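*Asks:* The sequence shown finishes on residue 1467 if you use this note's numbering, and the numbering steps up by one all the way, no holes.
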Amino acid sequence: MSRFRAGDAVTFARVFLHKGIFVTSRTPATVQAVREPGAESEYDVVFLDAEGNPHVVERVREEDLAKA
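#1: So what does DSSP say about D1448, is it helix, strand or coil?
#2: Looking at C-alpha atoms only, which residue of G1419, D1443, E1450 is the closest neighbour of T1410?
#3: In terms of DSSP beta bridges, what is K1466 paired with?
#4: Relative to the C-alpha of H1454, which residue among R1402, V1430, E1461, S1401 is closest?
#5: Give me the Cβ distance between V1433 and S1401, rounded to the nearest whole Å; I'm assuming they're in contact under 8 angstroms.
#6: Return helix, strand or coil for E1441, following the three-state DSSP convention.
#7: Taking the C-alpha atoms as reference points, what is the distance between D1448 and L1416?
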């Protein structure tokens, strides 16, 4: 069973580069969709860049997210 649901506010547990944009733990993010391929859940997460434009990171592992 997944820890998060669609619409939950989350933060990223690590800093990474997504399509030329740095994503940090302070980046506002929301779960868009939940995927459960077997034992480990994956999520599609929407985050806002510095200008407020939304971007989607697909297939984020559960251990890479934390509750906001």
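Every residue gets a Cβ at the ideal spot worked out from N, C-alpha and C, and that includes glycine.
If you're wondering where the values come from, they're calculated on a predicted model, not measured in any experiment.
*Replies:* Once the coordinates are examined:
#1: coil
#2: D1443
#3: V1409
#4: V1430
#5: 5 angstroms
#6: strand
#7: 12 angstroms
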